[in-house]
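Colleague:
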Amino acid sequence: MATPDRQATTLALAHALSAAERGLAVIPLSRTKLPALRSPHHDDPEPTGPRCHGACGRLGHGVHDASTDPARIRELFAAAPWATGYGIACGLPPYRLIGVDLDTKTGTDSSAALRELALRHLFTIPETVVVLTPSGGRHLWLTGPPDVVVPNSAGRLAPGIDIRGAGGYLVGPGSRTEHGVYTAAPGTAHLAPAACPPSLLRLLLPPPRTPHPAPPTPGDHGRGLIQFVLSAHEGQRNTRLFWAACRAYENGLGPTLATPLTEAALHTGLSEQEARATIASAARMTGHRP
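The opening position of the sequence shown corresponds to residue 203 in our numbering, with each subsequent residue numbered one higher.
1) With DSSP as the reference, please indicate the residues paired to V333 in a beta bridge.
2) So, with DSSP's three-state summary, where would you put D305?
3) To the nearest whole angstrom, what separates the beta carbons of L405 and L427, a pair I think is in contact under 8 Å?
4) To the nearest angstrom, report how far apart G309 and C258 are at their CA atoms.
5) So, with DSSP's three-state summary, where would you put Y451?
6) Going by DSSP in three states, Q209 sits in which element: helix, strand or coil?
7) Within the same chain, show all residues whose beta-carbon is closer than 7 Å to that of P415, passing over the 5 residues directly before and after it, in chain order.
8) Short of 8 Å in beta carbon distance, which residues of its chain neighbour Q438, apart from the five on each side in sequence? Order them along the chain.
9) Go ahead and label P328 buried or exposed: buried means 16 or more other beta carbons lie within 10 angstroms of its beta carbon, across all protein chains shown.
10) CB-CB under 6 Å to A282, same chain, minus the five flanking residues each way: which ones, in chain order?
11) What first and last residue would you give for the beta strand (DSSP E) that runs through S355?
12) For W445, does the count of other Cβ atoms within 10 angstroms reach 16, so buried, or fall short, so exposed?
13) Using three-state DSSP, classify R233 as helix, strand or coil.
14) Whole angstroms are fine: how far does the CA of A368 sit from the CA of P395?
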């Protein structure tokens, strides 16, 4: 009779193969949610050039091993018989998956934070695949356009919200970890990942480079942040103001810059009510009182 771990590995492989049939590239994971295969370069001297992402032909390059080929997936799992789960690579065609990880860290309500962002930036999370985590969190699966690279981030969008983008992976439903099993939320397993709303997608991307550095130094009183807001074009005014206000509060300049940022937003065409509401939202998102 198969051991419990062997049963978990067999189930993980079955789930991984099923995901691959849907076009999702997968890798085996250990109970710690990390890639199950150790890097073949673990004991190599520190590389002087770019790190190997699989060009050496050996297994163990993390998400760069991800595949939709059943034979390759079986090879990966055969090399990691201790694997009890699988990871789904983000950012790859055909879906170019973006994972919104709503965590349950102490003192944060990530679901409420996402709802507030949705209200502030006028988007709705579409019906899509939702994966329930053993800790009570949720992973929302969204897709991105082919010409956009969404980076990974932790807490940048809002406290308790992590983003899995290019180079990252999501723990697939059916995976067993040391904390429990990941499962698809009822009624969502059959769905295809839905397109990421454009307003949310803009929030997930790094702010555009500007000649004026956004992070202020203590002596300039946030002139860079104010200029960042002033240079906003239609369609990015609210997003730029929200981003600048978050940086101001994170750097201890929120109360000082609230009025100058509001005035800058008025120059771009926002109403005073919109500007003050956005700055207040940034204060709450960064754990400060407006």
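No residue lacks a Cβ here, since even glycine has one placed at the ideal position from N, Cα and C.
Modeller: Let me lay it out:
1) Residue 333 sits at position 131 when you count from the first residue of the sequence shown. Paired residues: H341, A386.
2) For the purposes of this step, residue 305 is taken as the residue at position 103 of the sequence shown. Secondary structure of D305 (DSSP, three-state): coil.
3) In the sequence shown, the residue the question calls residue 405 occupies position 203. In the sequence shown, the residue the question calls residue 427 occupies position 225. Contact annotation, L405 with L427: C-beta distance approximately 17 Å; criterion of less than 8 Å not satisfied.
4) Translated into positions along the sequence shown, residue 309 becomes position 107. Translated into positions along the sequence shown, residue 258 becomes position 56. Distance between the alpha carbons of G309 and C258 is about 45 Å.
5) Here residue 451 refers to the residue found at position 249 when the sequence shown is read from its first residue. DSSP places Y451 in helix when its eight states are reduced to three.
6) Within the sequence shown, residue 209 is the residue found at index 7, counting from 1. In the structure shown, Q209 sits in a helix (DSSP, three-state: H, G or I).
7) In the sequence shown, the residue the question calls residue 415 occupies position 213. Low local confidence applies: a pLDDT of 44 at P415 is under 50, so the model's placement there is unreliable, with the coordinate-based value given in what follows. Cβ neighbours of P415 beyond the five flanking positions: G426.
8) The residue given as residue 438 occupies position 236 in the sequence shown. Result list for Q438: R404, in chain order.
9) In the sequence shown, residue 328 corresponds to position 126, counting from 1. When all chains shown are included, P328 counts as exposed.
10) One-based indexing of the sequence shown puts residue 282 at position 80. If we look at A282 and ignore the five residues flanking it on each side, its Cβ neighbours are P230, A238, L239.
11) On the sequence shown, residue 355 is found 153 positions in, with the first residue counted as 1. Per DSSP, S355 is one residue of the beta strand (DSSP E) stretching across 355 to 360.
12) Walking along the sequence shown from the start, residue 445 turns up at place 243. W445 comes out buried.
13) Your numbering for residue 233 matches position 31 in the sequence shown. Coil, per DSSP.
14) Working through the sequence shown from its first residue, we reach residue 395 at position 193. Working through the sequence shown from its first residue, we reach residue 368 at position 166. Cα to Cα, P395 sits roughly 16 Å from A368.
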